[in-house]
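Chains as they are written, first to last, in my numbering: chain A, 99 to 363; chain B, 4 to 260. The beta-carbon is built from N, C-alpha and C at its ideal position, and this holds for glycine as well. Notes follow the structure.
Structure (structure tokens):
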């Protein structure tokens, strides 16, 4: 139980939490995202695509880490391309990078606390919010352990804890399930569904079964372009008997990617 | 404030046996939350409040102790900068020893401008800050953060320089002001080419243009002469103002940082 402030219940003034039109993003010299149109609202969205499809680059652009090379990008109703002031938008963001570095001497609690402070949370709220985030990812028993003593799966969960500590309106998770054991993945799906009730969550992953279990929508990318954007059921319908894959969702995904490759060739 | 509910209604609210309708029960409850007088009337009926208070106190005593609140020390200094600071301070210590052996070369004031640069270069660098990707997506990322980390570096380097200059008898102003000027210059140049490159470039330029000739000719360079303190102070001021105007360039970590 906690007090809900007026700011939290105020109606939003934007239609989409994430809105990109003709977005171009470069990774080094290579144009990794090439004219992407995307609109994401509340809910859990999966980002699927083969290696090198531009998923990580798109995630970085959405997290305001890199500047788009062209097109428009609007997060939470504010433009974040060009020289815009990003502070307000960044306060509402949660981001877990694919390879996330950390300071090995920090304990889990110190790390999440430091991130909460960087996200400009009110001072009085930080200890409670940190405890809640650590609890939600199931790391309460390890809260005072140093980061360098954690296993891969625990590090990943500490990363998820720092992403959700500020109750973000836009949560971006780049391959969050890498290194999690099957039981932890079930807990993680539960967490995703929970956060997705009132936030826009975008999860980049290679595991189609996670998508079916926890996501409402799927965004499929290939070679920097949008292949498909719609509900999970619609993606499943795309697959036929002849497509590669062990489940209906995998067949749907491989059919979409194969068709896109054929069309662009 | 609304009128107080009658004692009879409060009695019915407190008595679990009676069938007070839900609407009245809620309105009494809301009233009781704010009205101490009515609460006292309720509490007088039995020792409910005392029992609850005792129960809560016992629960608190039996539970885990609350986390001691520690101030986060790591906000100022991030651990990856420590090895570089140790290196800078050790180089300064060597300079003091060498200058004691060979007093004609003012090694301490020659090295003072470049002493903070390794630390400043590490402060805002994609290659050397392990958490760069996490940090650059937060609202605190930007010039303020770079200044904070630079201040942490100076907090170590300035006392070291002050100690070194008193040991060798060099003017304090000609040691510290060039140090500050080079920090400000690194930040200004870093706004355009990245802090790391700026630090490397300025450090190399200083060593090649001033330090090497001074050691070769065994002569105090003009830029560190006794009259130069005012020039360095003005330069620091101008560069500081310039750095403040370039704040927008630090909002994202660009690829050349």
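Put simply, the backbone Cα of residue 183/B is about 45 angstroms away from that of residue 302/A.
Within the stretch 87-132 of chain B, the complete alpha helix (DSSP H) segments of 4 residues or longer fall at 110-114 and 120-126, listed in chain order. Three or more Cβ pairs closer than 8 angstroms define a contact, and the stretch 151-169 of chain A falls short of that threshold against the stretch 220-230 of chain A. The alpha-carbon separation between residue 138/A and residue 362/A amounts to approximately 25 angstroms.
Straight across, the Cα-Cα distance linking residue 116/A with residue 235/A is about 25 angstroms. Look at residue 186/B here: in three-state DSSP terms it is helix. Chain order gives the chain B residues near residue 163/A as 136, 139, 140, 255 and 256, where near means a beta carbon separation below 8 angstroms. Within chain B, the residues whose beta carbon sits less than 9 angstroms from that of residue 195/A are 136, 137 and 140, listed in sequence order.
Here the stretch 129-141 of chain B makes contact with the stretch 210-220 of chain A; the two share three or more CB pairs at distances below 8 angstroms. In this structure, the beta-carbon distance from residue 264/A to residue 207/A does not fall below 8 angstroms.
Excluding five sequence positions before and after residue 333/A, the CB atoms of its chain that fall closer than 8 angstroms to its own CB belong to 316, 318, 326, 347, 350, 351 and 354, given in chain order. Taking all protein chains shown into account, residue 335/A has fewer than 16 neighbouring C-beta atoms within 10 Å of its C-beta and is therefore exposed.
By the criterion of a C-beta distance shorter than 6 angstroms, residue 92/B is surrounded in its chain by 163, once the five residues flanking it on both sides are discounted. Under the criterion of beta carbons closer than 8 angstroms, residue 189/B and residue 123/B qualify as touching, at roughly 5 angstroms.
A check of alpha carbon separations from residue 206/B across 186/B, 33/B and 242/B identifies 186/B as the nearest. Judged by beta-carbon spacing, residue 156/B lies beyond the 8 angstroms limit of residue 181/B, meaning their Cβ atoms are not closer than that value. In the pairwise beta carbon analysis, the stretch 126-133 of chain A is classified as not touching the stretch 187-201 of chain A: fewer than three pairs are separated by under 8 angstroms.
Taking a contact as a CB-CB distance under 8 angstroms, the pair residue 126/B and residue 200/A does not count as one, their CB atoms being some 17 angstroms apart. At least one CB of chain B lies nearer than 8 angstroms to the CB of residue 181/A. Around the beta carbon of residue 224/A, 16 or more other beta carbons lie within 10 angstroms, which makes this residue buried.
Around residue 67/B, no beta-carbon contact reaches into chain A at under 9 angstroms, the shortest distance being about 11 angstroms. The beta carbon of residue 337/A sits no closer than 8 angstroms to any beta carbon of chain B.
A distance below 6 angstroms between beta-carbons, with the five flanking residues on each side excluded, links residue 177/B to the following residues of its chain, in chain order: 112, 227 and 232.
Residue range 128-138 is occupied by the beta strand (DSSP E) that includes residue 131/A. Residue burial annotation: residue 197/A is exposed, with fewer than 16 other C-beta atoms found within 10 angstroms of its C-beta. Counting only the Cα atoms, residue 99/B lies some 15 angstroms from residue 214/B.
Between residue 273/A and residue 112/A, the alpha-carbon positions lie close to 28 angstroms from each other. With a threshold of 8 angstroms between beta carbons, residue 251/B makes contact with chain A.
Along the stretch 169-184 of chain B, there is no position whose C-beta sits under 7 angstroms from a C-beta of chain A.
For residue 349/A, there are no C-beta contacts with chain B under 7 angstroms, since the nearest C-beta of that chain is about 35 angstroms from it. At a beta-carbon threshold of 8 angstroms, the residues of chain B lying near residue 217/A are 141, 142 and 143, ordered along the chain. Judged by beta-carbon spacing, residue 145/B lies within the 8 angstroms limit of residue 254/B, meaning their Cβ atoms are closer than that value.
Nearest CB-CB separation between residue 184/A and chain B: below the 8 angstroms threshold. Here residue 326/A carries a strand assignment [DSSP, helix/strand/coil]. For residue 159/B, the CB contacts under 6 angstroms within the same chain, skipping 5 residues up- and downstream, are 88 in chain order. Assignment of residue 358/A by DSSP, reduced to helix, strand and coil, places it in the helix class.
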